[in-house]
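Shown next, in structure tokens, is the structure this report addresses.
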Amino acid sequence: MRSYAFLPVVIFLVLAGFFGYRLLMIDKGDAPNFIPSAMIDKPAPDFDMPPLYDGKAGLKTADLQGKVTLINFFASWCVPCRAEHQLLSGLTGKGFVLAGVNYKDKPEDAKAWLDRLGNPYDLLVADRQGQTGIDFGVYGVPESYLIDKQGRIRFKQTGPFTPESIEKELMPRVAELNK
Amino acid sequence: MKKTALILAAGIAFSSLPSYAVQPDEMLPDQQMEARARVISKDLRCLVCQNESIDDSNADLARDLRLLVRKRLVAGDSDAQVKQYLVDRYGDYVLLNPPFKTSTLVLWLGPAALFLVALGAAWGFARRRRVGVAMPALNDEEKSRVAALLSDGDEGKKA
């Protein structure tokens with residue numbers, strides 16, 4: 027009987043350890059609402075998005091070949107996008123095409139937003155119905171997808187970039203893909 | 551009085567029928583296909599609201615996904631193909647019922663395994679108890695004393 031006396035304590039410690047570990051992981055960004063992307067290392071979906079500004083170039087899947095592209099889904103109604111926006115202007119000319127996808131937005135709202143905050147994008151297209159967003163697996167903006175020269179998705183940033191995530195997650199991968 | 555109560559109860563029961571997020575303008579004219587869409591939607595997670603299906607959620611993305619499910623059905627997809635279409639984009643997370651595969655073995659078999667362990671422990675405990683409670687055999691001295699007590703009720707009082 028005596029050997030079983032500590033069993034409840036052991037069970038408690040195992041459970042406490044498990045819950046504690048999960049709590050720590052949430053701190054590190056692995057929250058229950060973080061969805062691991064199913065699209066990593068898969069080819070970018072088929073899409074053909076019209077330009078946000080008439081007369082400029084649109085973006086379709088075939089355009090991704092031969093260069094590294096960061097596709098950034100944003101919207102004027104999205105608050106975190108605003109926070110991310112100022113970081114994006116530091117990303118032009120860093121070895122990839124920065125393509126902005128205006129997601130489920132009114133073009134006039136998006137244009138006013140860009141006029142006010144500046145336009146860091148090399149390329150601006152619109153996904154008014156959100157169909158391309160769904161094909162990429164977008165479930166909230168901002169989300170960004172890094173695409174290699176063969177047109178495959180190699181990295182996904184869910185939520186806004188931070189100076190830290192740009193330095194530690196994005197730029198090393200860009201350097202790798204440009205080799 | 552009884553009748554009023556009955557009407558009241560019926561009213562409450564009726565008013566608490568679940569209200570769905572599906573808007574009339576989303577529904578398909580083909581009722582059979584609409585019914586299929588509803589069944590599929592109930593098993594798909596609204597990705598921004600976690601434990602709600604897209605059939606229950608008023609979120610924007612849930613509406614988009616409902617429309618997408620219907621679009622795929624109209625395009626001739628089977629129910630499984632519609633689900634696979636979303637799993638390809640959002641991963642297994644989009645399914646409210648996780649699929650049975652290697653990475654979900656613990657999830658599916660864990661409870662059954664724990665139940666078996668508990669059953670085993672309970673059985674072991676009950677067995678040990680039965681053995682443990684059994685009286686030790688009497689030695690000769692005790693036996694003769696019991697015999698004496700039984701044969702003469704008075705001796706017990708004296709001793």
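The listed protein sequences derive, respectively, from chains D and P.
First residue of the first sequence? That's 27 in the numbering used here, and the numbers climb one at a time after it.
First residue of the second sequence? That's 551 in the numbering used here, and the numbers climb one at a time after it.
From the three backbone atoms N, C-alpha and C, an ideal C-beta is built for every residue, glycine too.
The continuous stretches of beta strand (DSSP E) do not include P/Ser-694, which lies in the alpha helix (DSSP H) extending over residues 690 to 701. Put simply, the CB of P/Tyr-635 is far from chain D, with every gap to its CB atoms at 7 angstroms or more. The beta carbon of P/Leu-597 falls within 7 angstroms of a beta carbon belonging to chain D, placing the residue at that interface.
When the five nearest sequence neighbours on each side are left out, the beta carbons in the same chain lying within less than 8 angstroms of the beta carbon of D/Ser-191 are those of Gln-183, in order along the chain. Comparing alpha carbon positions, the residue from D/Ile-160, D/Met-75 and D/Cys-104 closest to P/Leu-636 is D/Ile-160. The C-beta separation of D/Ala-70 from D/Gly-156 comes to about 16 angstroms, leaving the pair out of contact by the 8 angstroms criterion.
Taking C-beta separations shorter than 6 angstroms and ignoring five residues to either side along the sequence, P/Leu-618 has no partners in its chain. Contacts between D/Gly-156 and chain P, judged by CB atoms closer than 7 angstroms, involve Asp-614 in chain order. Fully enclosed alpha helix (DSSP H) runs of no fewer than 4 residues occupy 610 to 624 and 629 to 640 of the stretch 588 to 666 of chain P, in order along the chain.
The contact set of P/Gly-660 on chain D, defined by CB atoms closer than 8 angstroms, is empty, because the minimum CB distance reaches about 13 angstroms. Taken atom to atom, the span from the alpha-carbon of P/Asp-614 to that of P/Val-572 is near 11 angstroms. Neighbours of D/Pro-186 in chain P, taken as residues at a C-beta separation under 7 angstroms, are lacking, since the least C-beta distance is about 16 angstroms. DSSP, read as helix, strand or coil, puts D/Ile-179 in strand. Pairing D/Asp-148 with P/Tyr-640, the inter-Cα distance amounts to about 28 angstroms. The DSSP-derived three-state label of D/Tyr-147 is coil. When DSSP reads this structure, P/Glu-584 sits in no beta bridge, so it has no partner. With contacts defined by Cβ atoms closer than 7 angstroms, D/Val-40 and D/Phe-122 do not form a contacting pair.
D/Asp-67 sits exposed, since fewer than 16 C-beta atoms from the chains shown fall within 10 Å of its C-beta. Residues of the stretch 37 to 68 of chain D whose Cβ lies closer than 9 angstroms to any Cβ of chain P, in chain order: Pro-58, Asn-59, Ile-61, Pro-62, Ser-63, Ala-64, Met-65 and Lys-68. Secondary structure of D/Phe-44 (DSSP, three-state): helix.
Interface flag for D/Tyr-165 against chain P is set, since a Cβ pair is found closer than 7 angstroms.
The straight-line gap separating the alpha-carbon atoms of P/Glu-692 and P/Arg-679 is approximately 25 angstroms. From the beta-carbon of D/Ile-160, the residues of chain P found nearer than 9 angstroms are Leu-611, Asp-614, Leu-615, Leu-618, Leu-636, Arg-639 and Tyr-640. Residues Asp-74 of the same chain have their beta carbon placed closer than 6 angstroms to that of D/Lys-86, with the five preceding and five following residues left out of the count. A distance below 7 angstroms separates the beta carbons of D/Tyr-129 and D/Asp-153.
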